[in-house]
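Report on the following structure.
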Amino acid sequence: MTKFQGKVAIITGAGSGMGRATAIEFAKGGATVIIADLNENNAKQTQKLLEEYNVPTKIFVGDISKTEKVQEIVNGTVEEFKTIDIVANIAGMPMTFTPIEEVEEEFWDQQMAVNVKASYLLSKYALPYLKNNQSKGSIVNVASVATVRPRPGLTAYCASKGAIVALTRSLALEVANTGVRVNVINPGPAETPMLEKFYGNMDPVEGRKLYEDSVPIGRLCYPEDIAKMIAYLSSDDASFITGSVVNVDGGRGL
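What follows is the structure in structure tokens.
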């Protein structure tokens, strides 16, 4: 499969979970993969996994909710690879069940910074290059099925993910006449290291069962489920799709 041959894809949160699976999916398609993550060891592990696909890779480590880091990623990518074709904003921050009265302002701000501001920043600084591509570019954001089926005690998380949906639809309309496409995925409860952070003080077995039972199909979302949808939405096969909110949730949003 070479559908991404010659393409340059920036993937945030690429050190684990959905981000790592997406990095692998793009590497399988022949893309140059930019691995952006807060954890250097995780990023290096992902880079190691991509070696078998013999594609160019580059790592950027740091907080992508900071302008300076995002500019470093974009400028460093363009300096070495000349362009940016695809942005996958996957990095996110979970939360444990917490009543709104107990949510500290600092935590609320962190949720908005990681789950919303980071996607805004990378989209902002990558857009000039996405617009200039002959084939035009693609941005795929990752929100959550919690935007349509929220759970009590996750208000900050749900609000931040809802903002991503609004950002996606608004930006898609804003840049549609340039040929750049912007879409968002709502994953269901997923088989990733992040899921356990939602359990809080719950027994891990009980926590997992709680989430599995909430999915009509009867299983958790695999990282590969999301990776394949991101790859599709980023490909020429989806050239007429923009501003879409795609639930990949096993029916959880119904």
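Residue numbers (the numbering used here): 155 to 408. Positions of the beta carbon are idealized from the N, C-alpha and C atoms, including for glycine.
Going by C-alpha positions, K182 is about 31 angstroms away from S324.
Per the coordinates, the alpha-carbon of K285 lies some 48 angstroms from the alpha-carbon of D357.
Taking a cut-off of 8 angstroms for Cβ pairs, the region 208-219 and the region 174-193 touch, as three or more such pairs fall below it. Counting other Cβ atoms within 10 Å of its Cβ, R373 stays below 16 and is therefore classed as exposed.
In the DSSP assignment, I384 falls outside any beta strand (DSSP E) and lies within the alpha helix (DSSP H) extending over P377 to S388.
For the 9 angstroms CB-CB criterion, I218 and V268 form a contact. By the criterion of a C-beta distance shorter than 6 angstroms, P341 is surrounded in its chain by C375, I380 and V402, once the five residues flanking it on both sides are discounted.
Secondary structure note for R305: it is in no alpha helix (DSSP H), with a DSSP letter that is neither H nor E.
Take S292, set aside five residues on each side of it, and the residues of its chain with a beta-carbon closer than 6 angstroms to its own are I240, R335 and S388, in chain order. In the DSSP assignment, A242 falls within the beta strand (DSSP E) that extends over I240 to N243. Note that the C-beta distance between V187 and N243 is not below 9 angstroms.
Cβ-Cβ separation between S314 and P343: approximately 17 angstroms, too far for a contact (criterion under 8 angstroms). Out of G160, T221, G333 and S393, the CA that lies nearest to the CA of A272 is found in T221.
Listed in chain order, the alpha helix (DSSP H) runs fully inside the region 306-347 are 309-329, counting runs of at least 4 residues. Pairing R303 with T250, the inter-Cα distance amounts to about 16 angstroms. For T166, the closest C-alpha among the options V294, A300 and V299 is that of V294.
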